[in-house]
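Reading through the structure tokens given below for one structure.
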Amino acid sequence: MRPSAFPRKIFALFVHVVLSAQFIRVYGVITLGSEVFCSRIPGLTSRQREMCRSSPDAMVAVGDGIRLATAECKYQFRHQRWNCTGIDNPTSFGHVVIVGSREAAFTYAISSAGVAYAVTSACARGNISACGCAPGPKLREPAPSGWKWGGCSVDINFGMRFARKFMDARELEGDERSVMNLHNNKAGRKAVKMSLLTECKCHGVSGSCTMKTCWKTLPGFRQVGDNLMKKYYRARPVTSVPSSPGPRGIDSFRRPRKVHLVLKKGKIAIKKMPKKSDLVFLQTSPNYCERDLAAGSLGTVGRSCNRTSRGNDGCDLMCCGRGYNTHQYTRTWQCRCKFHWCCYVDCDTCSERTEEYTCK
Ligand SMILES: *[C@@H]1O[C@H](CO)[C@@H](O)[C@H](O)[C@H]1NC(C)=O
Ligand SMILES: *[C@@H]1O[C@H](CO)[C@@H](O)[C@H](O)[C@H]1NC(C)=O
Ligand SMILES: *[C@@H]1O[C@H](CO)[C@@H](O)[C@H](O)[C@H]1NC(C)=O
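Mind the numbering: the sequence shown is residues 9 to 368 in my numbering, read in order.
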């Protein structure tokens, strides 16, 4: 039997922060003052509320980060059965729960990455008073001769620190699921750091480039999303070994798996550790074919699919063998437009019969 050990309202934070982001847009920090502003954002833990009060300007970036992460998650999963739905739908709050699956791992990682990214980016724009440019990355490898770090490097460490404090403050339970979430939050932040780009400017007589000044910049967030998507496919299953048999019984923890994630006083004590940059999950994903809200699955009834594709978006896989409905419709648009002197445009109307397929 699939253990239903870790259902959790993982989207609580998303929903609240997305709501809050709207709230921020509507009311603004300045008009309300940070005290009132922060107390009106629903669903923050007391630690998060404290962070909001001490840097309300960074809260604006948190909202941006969550929106960025949500959009990226939807883009990356647009052809899959699980497609990130529910993340930003306030009315689904409390209904969309999800087990400690690979998808949950991705969700945490991308949101944590989004916050680290948006805060770092806001720092570089001068939008957060506590941060700005970084003096240049501490070099692990010596720079080739003629290089030096200069200009304005993004302060990724500030962004990562802020994201860690803010996003990790959610994990108060100290159970194995919290350990999983914290690990994936960290992997998400690391993915931002690993995606940074180096930009350089040449100096020297008539652009000879004998001397270069280089600095670190953020890539597009798509790059971070692509990297995390690769990690999603390679995510590692982990088992938690409870110190004493819990109420759920011990069976679900004893299946032999490669890696052991051990919980000790709420901290990770690992026997054989997945890399810090790996995503980890505790439970096998449902197949997301049927509607099962307890498992975080909305099912694929009514999803549109591609009849000729052999991939995940193809009707066979998307509809889980249930078959599909075909809708025919006529698409019309303006075409063969001609510009007449002077001044009007004359167009024909073109049309085409199209078919659309949706899962039964
Ligand atoms: C952040 O920076 C952008 C671009 O520089 C600016 O348009 C925006 O108003 C700033 N937002 C805040 C909250 O300072
Ligand atoms: C995502 O899945 C849900 C439920 O299966 C569906 O209602 C929604 O239209 C899908 N979104 C996209 C963009 O395909
Ligand atoms: C359907 O899949 C085929 C093959 O992968 C692709 O060429 C085509 O563009 C897809 N159609 C749509 C509407 O996405």
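By construction, the Cβ of each residue, glycine as well, lies at the ideal position given by its N, Cα and C atoms.
**Report entry** Minimum C-alpha distance to R339 - residue among H348, C358, M326 and C350
**Finding:** Closest by alpha carbon: C358.
Query raised in the report: Just how far apart, CA to CA, sit S161 and T225?
Result: Rounded to the nearest angstrom, the two C-alpha atoms are 6 angstroms apart.
Query raised in the report: What does a CB cutoff of less than 8 angstroms around T366 pick up in its chain, not counting 5 residues either side in sequence?
Result: Hits under 8 angstroms: G310, R311, S312, C313, Y332, N333 and H335.
Requested in this report: Give a single yes or no on whether T340 has its beta carbon closer than 7 angstroms to a heavy atom of ligand 3.
Outcome: T340: no, Cβ never under 7 angstroms from ligand 3.
**Report entry** Own chain partners of K156 with C-beta closer than 7 angstroms, once the 5 adjacent residues on each side are dropped
**Finding:** Closer than 7 angstroms at the Cβ level, and outside the excluded window around K156, lie T221.
**Report entry** Any heavy atom of ligand 3 nearer than 5 angstroms to the CB - residues listed
**Finding:** In chain order, the hits are N314, T316 and S317.
Query raised in the report: By how many angstroms is the C-alpha of G73 removed from the C-alpha of R89?
Result: For R89 and G73, the distance between alpha carbons rounds to 25 angstroms.
Query raised in the report: Are the stretch 107-114 and the stretch 290-297 in contact at 8 angstroms, needing three or more beta carbon pairs?
Result: With three or more CB-CB distances shorter than 8 angstroms, the stretch 107-114 counts as touching the stretch 290-297.
Requested in this report: Could you tell me which of V127, K284 and M188 sits nearest to M168, measuring between CA atoms?
Outcome: Shortest Cα-Cα distance from M168 to any of V127, K284 and M188 involves V127.
Query raised in the report: Mind checking whether the beta-carbon of L226 lies closer than 7 angstroms to any heavy atom of ligand 2?
Result: No, ligand 2 has no heavy atom inside 7 angstroms of this Cβ.
**Report entry** Test item: CB-CB of N193 and A117 under 8 angstroms
**Finding:** Contact flag set, yes.
Requested in this report: Flag L306 as yes when its Cβ comes closer than 7 angstroms to any non-hydrogen atom of ligand 2, and as no otherwise.
Outcome: At least one heavy atom of ligand 2 is nearer than 7 angstroms to the Cβ of L306, so yes.
Query raised in the report: By Cβ distance below 6 angstroms, which residues in the same chain neighbour Q231 in space, the five residues on each side in sequence not counted?
Result: Taking C-beta separations shorter than 6 angstroms and ignoring five residues to either side along the sequence, the partners of Q231 in its chain run S203, following chain order.
Report task. Reducing DSSP to helix, strand and coil, say where D354 ends up. Result -> It is a strand residue.
Requested in this report: Starting from Y296, trace the beta strand (DSSP E) both ways and give me its first and last residue.
Outcome: Run containing Y296: none; DSSP gives neither H nor E here.
**Report entry** Neighbourhood of E179 by C-beta, 6 angstroms cutoff - its chain only, sequence neighbours within 5 removed
**Finding:** Taken in chain order, the residues that qualify are S186, N189 and L190.
Report task. Would you mind working out which of A199, K239 and Y241 sits nearest G228, comparing C-alpha positions? Result -> Distances from the CA of G228 to each of A199, K239 and Y241 were compared; the closest alpha carbon is that of A199.
Query - Reduced DSSP secondary structure (H/G/I, E/B, other) of K156 - result: Under the three-state reduction of DSSP output, K156 falls in the strand class.
**Report entry** Identified DSSP bridge partners for H348
**Finding:** Under the DSSP definition of a beta bridge, H348 partners with Y352.
Report task. In the DSSP assignment, find the beta strand (DSSP E) that holds T221 and state where it starts and stops. Result -> Per DSSP, T221 is one residue of the beta strand (DSSP E) stretching across M219 to T225.
**Report entry** Same chain, Cβ closer than 7 angstroms to T93, five either side skipped, listed in chain order
**Finding:** Taken in chain order, the residues that qualify are L306.
Requested in this report: Please report how far the alpha carbon of K283 lies from the alpha carbon of R197, in whole angstroms.
Outcome: Taking the straight line from one Cα to the other gives about 14 angstroms.
Requested in this report: Please name the residue, chosen from A142, S62 and F85, that lies closest to Y240 on a Cα-to-Cα basis.
Outcome: Selection A142, S62 and F85 evaluated against Y240 yields F85 as nearest (Cα-Cα).
**Report entry** Residues that DSSP places opposite L306 in a beta bridge
**Finding:** When beta bridges are read from the DSSP output, L306 appears opposite R299.
Query raised in the report: How long is the line joining the alpha carbons of G182 and H211, rounded to whole angstroms?
Result: Their Cα atoms are separated by approximately 53 angstroms.
Query raised in the report: Near T206, what residues of its chain come up, given a Cβ to Cβ distance below 7 angstroms and the 5 sequence neighbours on each side ignored?
Result: C222 and K224, listed in sequence order.
Query raised in the report: To which residues of the same chain is F170 closer than 7 angstroms at the C-beta, ignoring the five residues directly before and after it?
Result: Exclusion of the five residues before and after F170 leaves A66 and V127 as the residues of its chain whose Cβ lies within less than 7 angstroms of its Cβ.
Query - P253, buried or exposed, once every other Cβ within 10 Å from all chains shown has been counted against 16 - result: A caution first: P253 carries a pLDDT of 42, below 50, which makes its placement in the model too unreliable to give a value.
Requested in this report: Count the other C-beta atoms from every protein chain shown that fall within 10 angstroms of the C-beta of M138, then say buried if there are 16 or more, exposed otherwise.
Outcome: Residue identity check: residue 138 is Ala in the sequence provided, not Met. A138 is exposed by the Cβ-count criterion.
Query - Residue range of the beta strand (DSSP E) that includes L205 - result: Residues L205 to H211.
Requested in this report: Note down, in chain order, each residue of its chain lying with its Cβ closer than 8 angstroms to the Cβ of A177, except the 5 sequence neighbours on either side.
Outcome: If we look at A177 and ignore the five residues flanking it on each side, its Cβ neighbours are T53, R55, Q56 and M59.
Requested in this report: Give the DSSP-derived three-state secondary structure of G322 in the structure shown.
Outcome: Residue state, collapsed to three classes: strand.
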